[in-house]
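> So that we are looking at the same thing, I have put the structure below in structure tokens.
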Amino acid sequence: MDNNNKQPPKKPEGKKPKIWVLLIVTAAIVLLISTVYNAMVNGQYTQTTFTEFMAEVEAGNLSEVEIRHDRVIYLTKDQAAKPARQQKACYTGLPYGDILELAEKLDAPGTEVNVEIVEDNSTIMMILYYIIMFGALFGVMMLLSKKMGGGMMGNMGASKAKVYMEKQTGVTFKDVAGQDEAKESLQEIIDFLHNPGKYTEIGAKLPKGALLVGSPGTGKTLLAKAVAGEANVPFFSISGSDFVEMFVGVGASRVRDLFNQAAKVAPCIIFIDEIDAVGRSRDSRYGNNSEQEQTLNQLLGEIDGFDSSKGIVCLAATNRPEILDKALLRAGRFDRQIIVDRPNLQGRLDTLKVHTRKIKLAEDVDLKKIAQATAGAVGADLANLVNEAALRAVRKGRKAVTQEDLLVSFETVIAGTEKKNTVLTDTEKRIVAYHEVGHALVAALEKHSQPVSKITIVPHTSGALGYTMQMPEEEKYLQTSQELLTELRTLVGGRAAEELVFGVKTTGASNDIQRATDLAKKMVSLYGMSDALGLMAPASVNHQYLEGQAYLDCSDETSSLVDKEVQNILSSCYNDAKNILSTNRALLDEISEHLLAKETITGDELMAFVNADNAETTDIPKE
Ligand code: ADP
Ligand code: ZN
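Under our numbering, the first residue of the sequence shown carries the number 1, and numbering increases by one thereafter.
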């Protein structure tokens, strides 16, 4: 049962292309086209002055005249005599209002001019034409710029576009389940945003910032938003990775921008997500990067520089506080660290309640059961789970979410969706069934184990061909060495069953073995649970808020001793598991056949088999 932290996908930040930029570009193109067009059209004619034209009229040199609303186009007799292709007409502007007068003059008896008055509404046509052209061009540009994700125009002035401000977040502490300690620490900041005067009167230095520390999805962003919501101030948010750019100096200018904008609307909250992207320690251990360094320096400068009595509070989130630059954590900067923990049972229950507030639940829903089953899950997982359940209910055409929906989506979140089309051969199926029953039976027959809640051989998309789910009865913070050994025996129980029944070792056990090895390593190197090493802990934990990876930090001899001990523990657990299964071989066969037939059996069914067997053979004590 491992819970992978699914972080909800980040909403892409829409870089809106500035409409006025598009408008100007379109207008410029239209202007260019019309200029070129006019030049081309006018090139067909020779331009003359009106006086020249009148002279030709007086001289009776004209052959054809075309009078338009604004110009006269005429062909002299000389030109008319040429072959049609070489003729070149002239044009001249026509002073307004002279049209009829001119026509009369030209049409006077005795002249043999071919006069044509072109009744053109070309002004309107021209305007219409321009409007249509403009519209079409503008449309195309909009489409293009959308397709490019705003890349074409949006990048201009991007430093401002990336900062994203919410006037009102609409989130309050009511929306954040659990996290009482974090809320308490943040309460003071809210109070301070409400009335900074109260603090400045006494002369108290106001807090400039706080660092929210916790695993991904535990609700750090949500808490920051809730602080803004509670204090009813605007919320600026930006992700640390937005600062880090290809070009040196861009990040720094963004930081400057951000604080400038914030200062304009203070009091407000500035939230920097993933601050480790900029705040990484500047020592060379993590690589040197002058852009990052410059951005960090700017950030430090801004934090020192802003006047906190105006009511700006800078919150930042990270899951790797240990890599942050010490300068960031210095007094007067992010000197407060607020731990945002993974929720405990009550916290998970509250989170489920928060997220099911707006969802119609059927009578049979028992959120407590779900909360119990989801040990280790973070708020984001639970939000995801509830949403999946609601989606499933809709798919099934139901009006309310049932417990089954929640349980199935719980499996989706944990083990990926059920995949029914993986075709296994019959032998493979038998092996998988025995493997899973091996896990379950070892767990069921042991004293210190968590009860099995479900065994299935329906393959999941995550690649697991089947799995056994154990559900703790209560939240546990301490585990005894017996419990850990039981867990190890349960983990290797799958492989033990395979080998016992089929005499084969399959790849299906690889995940079990990995997990068993990790656990055994921790027992030896962190928990002081081995005979050979005693209380010594040769490993240290890195990244406490991520996966809690331990690395060995000891001499080579100790290190090889650790390996030996791990091997010893694993092999003795494996032997135990095999013994348990071989003494209960009949039971193993019986349950496996049942599982093969039904594909999924519940923990109760399993226990029914086990108890029936116990009743038959009372001479073999349980355990
Ligand atoms: P983080 O910033 O720590 O990675 P987020 O604040 O983005 O996590 O949380 C993601 C989502 O998970 C939130 O939008 C919310 O729906 C849910 N969530 C997380 N923690 C809680 C909580 N304590 N109460 C209610 N919802 C939560
Ligand atoms: Zn297994």
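Built from N, CA and C at the ideal position, the CB exists for glycine as well.
Which of the three DSSP states, helix, strand or coil, is assigned to C268?
Counted from its first residue, the sequence shown places residue 268 at position 268. In this structure, C268 counts as strand in the three-state DSSP scheme.
> Could you give the first and the last residue of the continuous alpha helix (DSSP H) run that contains I67?
Residue mapping note: residue 67 aligns to position 67 of the sequence shown, counting from 1. Run containing I67: none in the alpha helix (DSSP H); it sits in the beta strand (DSSP E), L62 to I67.
> Contact defined as beta carbons within less than 8 Å: I believe L406 pairs with I370. What is the distance between those atoms, to the nearest angstrom?
Position 406 of the sequence shown, counting from 1, holds the residue named residue 406. Position 370 of the sequence shown, counting from 1, holds the residue named residue 370. Rounded to whole angstroms, the Cβ separation of L406 and I370 is 5 Å, and the two are in contact under 8 Å.
> Can you list, in chain order, the residues of its chain with a C-beta nearer than 6 Å to that of E388? Leave out the 5 residues immediately preceding and following it.
Taking the sequence shown and counting its residues from 1, the one referred to as residue 388 is at position 388. If we look at E388 and ignore the five residues flanking it on each side, its Cβ neighbours are S409 and T412.
> Name the two residues that bound the continuous alpha helix (DSSP H) containing V524.
The count along the sequence shown starts at 1 and reaches residue 524 at position 524. Looking at the DSSP string, the run of the alpha helix (DSSP H) that includes V524 is S510 to S525.
> According to DSSP, is I29 helix, strand or coil?
Position 29 of the sequence shown, counted from the start, is the residue given in the question as residue 29. Looking at I29 - three-state DSSP - the assignment turns out to be helix.
> Should K358 be counted as a contact of ligand 1 given a C-beta to heavy atom distance under 8 Å?
As a first step, residue 358 is located in the sequence shown; it is residue number 358 there, counting from the start. No, the beta carbon of K358 sits no closer than 8 Å to any heavy atom of ligand 1.
> Residue range of the beta strand (DSSP E) that K399 falls in?
As a first step, residue 399 must be located in the sequence shown, where it is residue number 399. It is not in any beta strand (DSSP E) - K399 carries neither H nor E in the DSSP assignment.
> Using CA coordinates, which residue listed in K399, D257, P321 and E201 is at the minimum distance from D242?
Walking along the sequence shown from the start, residue 242 turns up at place 242. Out of K399, D257, P321 and E201, D257 has the C-alpha closest to the C-alpha of D242.
> Might you give, ordered along the chain, the residues of its own chain that have their beta carbon closer than 8 Å to the beta carbon of Q470, omitting 5 neighbours on each side?
Within the sequence shown, the letter at position 470 stands for residue 470. So the list reads M1, A443, S449, Q450, P451, V452, S453 and T490, once near-sequence residues are dropped.
> Under 8 Å: does the beta carbon of T351 sit that close to some heavy atom of ligand 1?
Residue mapping note: residue 351 aligns to position 351 of the sequence shown, counting from 1. Yes, the Cβ of T351 comes within 8 Å of a heavy atom of ligand 1.
> Which partner residues of A550 appear in the DSSP bridge assignment?
On the sequence shown, position 550 is the one that residue 550 refers to. Looking at the DSSP assignment, A550 forms a beta bridge with V541.
> On the DSSP bridge assignment, give the partners of V72 in chain order.
Here residue 72 refers to the residue found at position 72 when the sequence shown is read from its first residue. Answer is I67 and T92, bridged to V72.
> According to DSSP, simplified to helix, strand and coil, what is N4?
Start at 1 with the first residue of the sequence shown, and residue 4 comes out as number 4. For N4, the predicted structure reports a pLDDT of 39, less than 50, and the residue's modelled location is therefore unreliable. A value from the coordinates is still provided. Three-state result, N4: coil.
> Is there at least one non-hydrogen atom of ligand 2 closer than 8 Å to the beta-carbon of G494?
If you number the sequence shown from 1, residue 494 lands on position 494. Checking the Cβ of G494 against ligand 2 gives yes.
> Let's see if you can read the secondary structure: which residues bound the alpha helix (DSSP H) around Y574?
If you number the sequence shown from 1, residue 574 lands on position 574. It spans D556 to T583 - the alpha helix (DSSP H) in which Y574 sits, taken as one unbroken run.
> According to the Cβ coordinates, are G633 and F334 closer than 9 Å?
No statement about residue 633 is possible, as the shown extent of the chain runs from 1 to 623 and does not include it.
> Have a look at L296 and K167 and give me their C-alpha separation to the nearest angstrom.
On the sequence shown, residue 296 is found 296 positions in, with the first residue counted as 1. On the sequence shown, residue 167 is found 167 positions in, with the first residue counted as 1. For the pair L296 and K167, the Cα-to-Cα distance works out to about 27 Å.
> Is A516 near L561, with beta carbons less than 9 Å apart?
Your numbering for residue 516 matches position 516 in the sequence shown. Your numbering for residue 561 matches position 561 in the sequence shown. Taking 9 Å as the Cβ cut-off, A516 and L561 do not qualify as a contacting pair.
> Can you list, in chain order, the stretches of the alpha helix (DSSP H) that have 4 or more residues and sit fully within the stretch 189–271?
196–202, 220–231, 240–243 and 250–265
> For S237 versus A433, is the C-beta distance shorter than 9 Å?
One-based indexing of the sequence shown puts residue 237 at position 237. One-based indexing of the sequence shown puts residue 433 at position 433. Contact flag unset, no.
> Is Q470 a contact residue of ligand 1, with contact defined as CB to any heavy atom under 8 Å?
As a working mapping, residue 470 is identified with position 470 in the sequence shown. Because no heavy atom of ligand 1 lies under 8 Å away, the Cβ of Q470 does not count as near it: no.
> Just the Cα atoms here: how many angstroms apart are S63 and V36?
Residue 63 sits at position 63 when you count from the first residue of the sequence shown. Residue 36 sits at position 36 when you count from the first residue of the sequence shown. Going from the Cα of S63 to the Cα of V36 covers about 30 Å.
> At which residue ranges does the stretch 323–353 contain complete beta strand (DSSP E) runs of 3 or more residues, listed in the order of the chain?
336–339
> Return the chain-ordered list of same chain residues with a C-beta closer than 6 Å to the C-beta of A277, the five sequence neighbours on each side being excluded.
Residue numbering aside, residue 277 sits at position 277 when the sequence shown is read from its first letter. Answer for A277: G240, S241 and V244, listed in chain order.
> So, for I338: in the same chain, excluding its five sequence neighbours on each side, which residues have a beta-carbon less than 6 Å away from its beta-carbon?
Within the sequence shown, numbered from 1, the residue matching residue 338 stands at position 338. Excluding sequence neighbours, I338 sits near A182, S185, A210 and L212.
> Tell me which residues share the same chain as Q87 and place their Cβ nearer than 6 Å to its Cβ, disregarding the 5 neighbours each side in the sequence.
Within the sequence shown, residue 87 is the residue found at index 87, counting from 1. Q79.
> With burial defined as no fewer than 16 other Cβ atoms inside 10 Å of the residue's Cβ, what is the status of L570: buried or exposed?
Locating residue 570 in the sequence shown gives position 570, where the first residue counts as 1. Counting every other CB atom within 10 Å of its CB across the protein chains shown gives L570 a total of 16 or more, marking it as buried.
> Are the Cβ atoms of A263 and I189 separated by less than 9 Å?
Start at 1 with the first residue of the sequence shown, and residue 263 comes out as number 263. Start at 1 with the first residue of the sequence shown, and residue 189 comes out as number 189. Contact flag unset, no.
> According to DSSP, M469 sits in a beta bridge with which residue or residues?
For the purposes of this step, residue 469 is taken as residue 469 along the sequence shown, with counting starting at 1. M469 is bridged to K454.
> I need the DSSP call for T602, collapsed to helix, strand or coil.
One-based indexing of the sequence shown puts residue 602 at position 602. Looking at T602 - three-state DSSP - the assignment turns out to be strand.
> Expressed to the nearest angstrom, what Euclidean distance is found between the alpha-carbon atoms of S582 and R395?
As a working mapping, residue 582 is identified with position 582 in the sequence shown. As a working mapping, residue 395 is identified with position 395 in the sequence shown. So the alpha carbons of these two residues sit roughly 45 Å apart.
> Rounded to whole angstroms, what is the Cα-Cα separation between A509 and Q567?
In the sequence shown, counting from the first residue as 1, residue 509 sits at position 509. In the sequence shown, counting from the first residue as 1, residue 567 sits at position 567. If I take the Cα positions, the gap works out to 17 Å.
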